[in-house]
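Throughout, the working numbering is defined as the position within the sequence shown, counted from one, plus 25. Positions of the beta carbon are idealized from the N, C-alpha and C atoms, including for glycine. Structure record follows, encoded as structure tokens.
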Amino acid sequence: MDQRRSVADGDTLAHGKTADPAGSTAEDRFENEDYPAYSMGAAADMLGVTPAFLRALGAAHLIEPLRSSGGHRRYSRYQLRLAARARELVDQGTPVEAACRIIILEDQLAEALRINQEREHPAGP
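Rendered as structure tokens:
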């Protein structure tokens with residue numbers, strides 16, 4: 026499955042063909058926070074949002090769900106965490122597009138800090 030942990034300017038978190046990557050085991054799917062396990066309805070219920078809100082996050086390039094073989098949107102736990110953060114910002118009065126941009130920048134900063142930390146303290150043998 027071709028997914029990235031970080032969002033780059035204008036890029037999306039998930040690009041792929043289907044929600045069932047070949048060769049993955051049930052244990053892999055349980056452990057993988059990028060595995061697209063949640064339908065749009067389940068994701069919306071978990072977050073207390075409408076499917077339209079999730080579609081708006083996709084239109085703003087925050088999250089792009091993978092598609093099942095039947096074409097249905099599927100979301101990962103990582104994507105749901107981003108959507109929950111977007112909801113927090115929107116509930117505070119931030120427009121959806123601005124909330125998505127903030128989250129993208131937060132994600133990029135966290136990734137840059139992680140990389141710097143690894144460079145400063147490389148894992149030993």
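Of the listed residues the options, nearest to residue i (C-alpha basis)
i, options, result
"A68", "L82, S93, H97 and L105", "L105"
"M65", "Y100, E131, R144 and S94", "Y100"
"Y63", "Y103, T50, A84 and Q117", "Y103"
"P76", "S93, R98 and N57", "R98"
"D116", "V74, A135 and E131", "V74"
Beta-carbon proximity of residue i to residue j, cut-off 9 Å
i, j, result
"Y60", "D53", "yes"
"A111", "L91", "no"
"V121", "F55", "no"
"H86", "I140", "no"
Whole-angstrom C-beta distance between residue j and residue i, which should lie under 8 Å
i, j, result
"L107", "I127", "The pair is not a contact, with the Cβ atoms about 11 Å apart (cut-off 8 Å)."
"L72", "A109", "6 Å"
Sequence-distant residues of the same chain with beta carbon closer than 7 Å to residue i, five excluded per side
i, result
"L114", "A124 and I127"
"G35", "Its pLDDT being 38, under 50, G35 is placed unreliably by the model, and nothing is read from it."
"E58", "S101, R102 and Y103"
Cut-off 6 Å between Cβ atoms - residues of its own chain near residue i, not counting five sequence neighbours on either side
i, result
"A44", "Here the model assigns A44 a pLDDT of 42, short of 50, so the residue's position is not dependable, and the following value carries that caveat. Excluding positions up to five away in sequence, the list reads P61, L91, S93 and R99."
"E143", "none"
Contacts around residue i, its chain only, beta-carbon distance under 8 Å, and the 5 residues preceding and following it disregarded
i, result
"T119", "I127"
"A84", "none"
Counting only runs of 3+ residues fully inside the region 50–134, write out the beta strand (DSSP E) ranges in chain order.
-> Taking 3 residues as the shortest admissible run, the region 50–134 contains the following complete beta strand (DSSP E) segments, listed from N- to C-terminal end: 98–100.
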